[in-house]
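Notes follow the structure.
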Amino acid sequence: MTLPREERPAAIRAMLESALAPDSLEVVDDSHRHAGHAGARDGRGHFKVSIVSRAFAGLAPLARHRKVYAALGPLMQSDIHALSIQARTPDEV
3 MTLPREERPA AIRAMLESAL APDSLEVVDD SHRHAGHAGA RDGRGHFKVS
53 IVSRAFAGLA PLARHRKVYA ALGPLMQSDI HALSIQARTP DEV
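In this note's numbering, the protein residues as written are 3 to 95.
Structure representation (structure tokens):
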């Protein structure tokens, strides 16, 4: 299932809020900057996520990214082509 482009940021936000209970979360749709890019031809989007959550405590950066990918589940296959992630704990902010 693919979401309409305008619904993707809200869906990303909802899934991350549900799974990771962030203290803060910013989702930026950068898809417009990649128009014509080979990876954008399939219709999936490019996004930036900045998230602060206690769920990342004690985790290395790669493990934090995996948690974000897991939280986004099927969107990673259907709607997201590229995802830039900044994942921090409240103590790191």
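In this text, a Cβ means the ideal position worked out from N, Cα and C, and glycines have one as well. Keep in mind it's a predicted model, so treat the numbers as computed, not measured.
8 Å CB neighbourhood of residue i in its chain, flanking five on each side removed
i   : result
A23 : S55, R56 and A57
Per DSSP, cross-strand counterpart(s) of residue i
i   : result
L85 : F49
E28 : S52
R90 : V54
Proximal residues to residue i (C-beta, below 6 Å), its chain only, five neighbours per side dropped
i   : result
S86 : K50
A84 : H48
Limits of the alpha helix (DSSP H) - the one that residue i falls within
i   : result
A65 : P63 to L74
A12 : R10 to L22
S80 : L77 to S80
Residue j beta carbon less than 8 Å from that of residue i
i   : j   : result
L5  : A13 : yes
G47 : R7  : yes
Near the ligand GTP: residue i beta-carbon under 7 Å from a heavy atom
i   : result
S80 : The ligand GTP is not part of this structure, which contains no ligands at all.
Close beta carbons around residue i, own chain, < 7 Å, minus the five adjacent residues each side
i   : result
H67 : I87 and A89
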